[in-house]
Every structure is written in C-alpha cells, then in structure tokens.
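15 is the number of the first residue of the sequence shown in the numbering used here; add one for each residue after it.
Note that the Cβ used here is the ideal one computed from N, Cα and C, for glycine as well.
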Amino acid sequence: MDVVGVILTVNTGSGSVKADLVDDDRVVDSAHLETTDADEAWAALRGLLDDRRVDAVAHRLVHGGSRLTGPAVADDEALAAARSAASLAPLHVPPALEFLEQLRDRLPGVPQVLCPDTAFHRDLPEHAATYALPQQWRERFGLRRYGFHGLSYSWALPRAAELLGTPEGELSVVMAHLGGGSSVCAVRDGRSVDTSMGFTPLDGVPMAKRSGAVDPGMLLWLQREAGLSLAEVEDGLNHASGLLGLSGGESDDTRDLVASGSPGAALALGVFAHRVRREVAACATNLDRLDALVFTGEIGWDQPEVRAAVTGGLRLLGVAATAAPNSPTDAVLTPPGGGVPVLVVEPREELALARAARTCLG
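Listed below in structure tokens is the structure:
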C-alpha cells in the first residue's frame, strides 16, 4: 500500500461529530458538527473535503469489544465485530458506524480504519481485568474490564515521556482524562495496568451527565422497590447524572460551575474532585513508584481550579497541590523538587487517530 498522506479523522460523540484533516501530525482544517445524523453530518462535511485528496479515514470507536483489540481496516469482518460491541456503548458506537457506512459510500476506494478506544488497555493484567462474578457469566457473556479513553492516553503517554526525559517504556505514571467523559489510568513500564472504567463507559468517576460507578444494589432497589423501569434507570444514569445531576440541573460544564459558586455547583465540583482523587490513589497502588500525575482531556487541560482540587488531596502520594494556571503548551506544572511532578497534556485524539491509522495501513 502507498504511504498514507492526508487522513480525515472522525470522532463521533453522543451528539456531535468532530472531523479533522491531518497531514503529518499537523491539523490543516477542522469541522465540528452538532449532529450525529449521517446525512446531515456528510452535508456539513463536504466543504471540508472540497478539492482535497484524502488518503484514509480514521474513526474513533469508543468500544471495540473482545474482537477488535487494535486499529483495523473497516472490512466486513471488522464491522461485524464492531457491531457486536454496539450495545456496550450505545451512545457512541451506533452513530459512529452509521457515519462510517456513509463515508464508505461517499469516498469509494479510500480505506476506512476503526480505532478502538479500548485497545490501549487490551493487555490489562488478569487480576485487574476480571470481575468477581460467577465464572459461567464471565465466560458466556465475555464480562471483563475493558477501559476507555485509550486514544487520549496513547497520545498523552509519549508526550509525558518527552516532558520528563524518560523513555516511554520505563514510565510509571497515573493519567487522568477529565472531560465530558472521564477516567483514570495507571501505566507501568509504558503499559496500562489498571483503569477506572470497566465493561462500559458508564463506570468510574462522575462525568458531565453520566453517573460513574454506583452501588449495583441501589440500581436493583430502584427497580424492585421504587418502581423505576429499566429505561428510566438507563436514561437517568446516562443523561441526568454526573455534574448535571449533582448540581441540581444547573450545568454539566465545570467552567459554569466554577463561575457559579452556588451550593449545587460547589457540591458537584467537590464530589467530582473527591472521586477523581480516589481513583488516582487506587490506580497508584498498582505502581512501584509514581513518576508523575498527568492531566489531559478538556477539563484536565483547561480547568486549573479542578486540577488544584484534585492535587490538594494527594499529599500522601507525594503530589504537591498545584493551582498553576493554564499553559499554552504541554507542561510540567510543578517546580523542580516540588514532589511528584504534575503534568498537563493537551488532548489530541485527532492526532492519535491519524497515527493509529498510519500504523494500521503501513
């Protein structure tokens, strides 16, 4: 196959599509589409592609399931594998696959590549990946911890290695991807060894509208005793919880909550920081040492108040509280000798997608 040049990266969210044209690790044009309807998205995207040659399309696939453990050309076999995992991330995978089918028809001959977010965690140690559930359930239904935000982590890890002057394969760090979806990950010797998200992207810390981890007994109680239907519970967990639910419906955006100062906003920010700290500390127990705490994601990159609230409770790990303002570039936020370094890395999933596609296509 010819060397891949310009790559169209497609990041389909639960309500939007972000498209970027990437040429040699450089974004040359972008479009953010507030729709996941395939026809509407294509209509908005055509202007981005006018008179431009595209050599490949890289699609972010939130959940690859058990069969897609790395970037794969979207042939019939790979698409069937992706569809089998669609129910595990129903807000993200179905619209992503619908848009992929649209682009296959509109860009004939251009290879389409599926890039699973779960691939980064594919080699989780058995003890970290296994649920304490009946063996027959685990084997019959493929129940295990998958982990997510792998594209973000795969970009942030080598950037952290550059900032620290340490080979990527020798790093032991905790990384926190904080954004509309949030998770925490432990990396030892360059490999993911634990993460806060599990079977689906609903697990772990609270997010913009998603609950994060809750007591499964409470969910049973809500259906058995409170009379909520399965659909009501599912909708509440995915669309009315997290920062939005904690703030009493005020906002799901940390910027709004920081500016508000209302009791609901304070509660939302306090719970969020508390839960992130818990996951950071839990992930750190999988490491022999902690070389750095790395923040990425939209909140991690752009919200110093949240970073300060998280680091303020991690002195036991040797992490110094930092209220450092935002940096225009990836940076070490703590001064030399100030304890475990705190780093911030700009989220660049579009560049991670392009790199994954190039690796896949050779």
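Limits of the unbroken alpha helix (DSSP H) element including residue i
i      : result
Gln317 : Unbroken run through Gln317: none, as it is neither H nor E.
Thr373 : 363-375
Thr268 : 268-274
Val247 : 244-253
Pro277 : 277-298
Leu357 : Taken as a continuous stretch (DSSP letters only), Leu357 belongs to no alpha helix (DSSP H), being part of the beta strand (DSSP E) at 356-358.
Ala103 : Counting along the chain, Ala103 falls outside any alpha helix (DSSP H), and DSSP gives it neither H nor E.
Arg238 : 230-238
Arg152 : 149-155
Arg303 : Looking at the DSSP string, Arg303 is not in any alpha helix (DSSP H), and its letter there is neither H nor E.
Gly61  : 52-63
Leu258 : 256-260
Residue i vs residue j beta-carbon contact at 9 Å
i      : j      : result
Ala96  : Leu82  : yes
Pro361 : Ala170 : yes
Val24  : Ala72  : yes
Ser168 : Ala366 : yes
Thr209 : Cys297 : yes
Ala52  : Pro109 : yes
Leu164 : Ser206 : Per the sequence shown, residue 164 should be read as Gly rather than Leu. Result yes, Cβ atoms of Gly164 and Ser206 sit closer than 9 Å.
Val247 : Leu236 : yes
Gly263 : Ala222 : no
His191 : Gly278 : no
Leu198 : Val294 : The identity of residue 198 in the sequence shown is Val, whereas the question assumes Leu. In contact: Val198 and Val294 (Cβ atoms closer than 9 Å).
Glu363 : Arg154 : no
Leu114 : Leu93  : yes
Arg289 : Leu328 : no
Gly161 : Gly212 : yes
Leu301 : Ala174 : no
Residue(s) in a DSSP beta bridge with residue i
i      : result
Lys32  : Asn25, His46
Arg202 : Ser186, Arg205
Thr310 : His191
Val333 : Val354
Val20  : Asp37
As assigned by DSSP and simplified to three states, the class of residue i
i      : result
Met385 : Because the chain here runs from 15 to 376, residue 385 falls outside it and cannot be looked at.
Pro349 : coil
Ala72  : strand
Thr343 : coil
Arg136 : coil
Leu177 : helix
His191 : strand
Arg120 : helix
Thr209 : strand
Thr83  : coil
Asp38  : coil
Ser196 : coil
Pro215 : coil
Leu328 : coil
Gly164 : helix
Ala95  : helix
Glu115 : helix
Asp90  : helix
Ala170 : helix
His77  : coil
Ala227 : coil
Ala146 : coil
Ala110 : helix
Where the beta strand (DSSP E) containing residue i begins and where it ends
i      : result
Leu128 : 126-130
Own chain partners of residue i with C-beta closer than 7 Å, once the 5 adjacent residues on each side are dropped
i      : result
Glu319 : Val272
Met15  : Any reading at Met15 must be qualified, since the residue scores a pLDDT of 42, below 50, and its modelled position is unreliable; the value itself is stated next. Counting only Cβ-Cβ distances below 7 Å, and skipping sequence neighbours, we find Leu375, Gly376.
Ala143 : Arg158, Arg159
Pro172 : Glu182
Leu331 : Ala295, Ala298, Leu304, Val354
Cut-off 8 Å between Cβ atoms - residues of its own chain near residue i, not counting five sequence neighbours on either side
i      : result
Ser28  : Thr50, Leu105, His106, Pro109
Leu178 : Leu185, Asp305, Ala306, Val346, Pro355, Leu357
Ser30  : His46, Leu47, Glu48, Thr49, Thr50
Asp203 : Gly183, Glu184, Leu185, Ser186
Leu244 : Gln237
Neighbourhood of residue i by C-beta, 6 Å cutoff - its chain only, sequence neighbours within 5 removed
i      : result
Lys32  : Asn25, His46
Pro130 : Leu75, Gly78, Leu82
Gly193 : Gly311, Glu312, Ile313
Ala282 : Leu257, Leu260, Ser261, Leu271
Thr268 : Ile313, Gln317, Val320
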